[in-house]
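Trainee: Going by the numbering used here, the first residue of the sequence shown is number 2, and it counts up by one from there. One structure, as structure tokens, below. Some questions next.
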Amino acid sequence: MLRKYTASLCLLISFLLWIVTGCSPAIENEEQKIIVQKWVGNEKKYEESKEISDNQQVLHVKRIMDEANWRDTHVEFVRPADYQFVFQFKNPQIKAKAVLFSVWVSPQKDQLEMTRGEHEFTQLTKEESARLLEIISE
């Protein structure tokens, strides 16, 4: 008799856990926004220049970042980054550590060099650079 109740209790708990985890929102499915800052050379500081909340644009930037060929290396530039941006969840209840992406525009304005955090570097293709610059610039 006890064995029957134990099996039923285990089945009930498993079912409840399945329902709870299936109904709870996954953090990776939460919508995000991008906060962009632009370097203002005259004032020698960054100013918030744009907030990107369009989900398609945010996903496109995430795809570019995910597909970039990041190298684990420390680089130093002779000037501050032209842009900086971070991804943030739209839901203020979700807390996550923001990773700073820094963007340098080439003198020809056709290619971007980037750092992710302090120890990762990449140079985007001309196509990816054009699309990213179009999204993050004013």
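Here a beta-carbon is modelled for each residue, glycine too, at the ideal position from N, C-alpha and C.
1) Starting from the C-beta of Glu-49, find all residues in its chain whose C-beta is less than 6 Å away, skip the five residues before and the five after it, and write them out in chain order.
2) Let me make sure I understand the geometry here. Which of Ala-69, Glu-119, Gln-85 has the alpha-carbon closest to that of Ser-103?
3) Quick one: which unbroken beta strand (DSSP E) runs of 3-plus residues sit fully inside the segment 75-137? Chain order, please.
4) Provide the residue span of the beta strand (DSSP E) that contains Lys-39, from first to last.
5) In angstroms with no decimal places, state the Cα-to-Cα distance between Glu-121 and Asp-73.
6) From Ala-97 to Val-79, what does the alpha carbon distance come to, in whole angstroms?
7) Going by other Cβ atoms of all chains shown within 10 Å of its Cβ, with 16 needed for buried, is Asp-67 buried or exposed?
8) Please report the distance separating the alpha-carbon of Glu-139 from that of Glu-31.
9) Beta carbon of Leu-125, beta carbon of Val-62: below 8 Å?
10) Let me make sure I understand the geometry here. Which of Gln-94, Thr-116, Ala-82, Ile-65 has the alpha-carbon closest to that of Trp-40?
Mentor: To lay it out plainly:
1) Gln-38
2) Gln-85
3) 84-90, 102-106, 113-117, 121-124
4) 33-41
5) 5 Å
6) 31 Å
7) exposed
8) 26 Å
9) no
10) Ala-82
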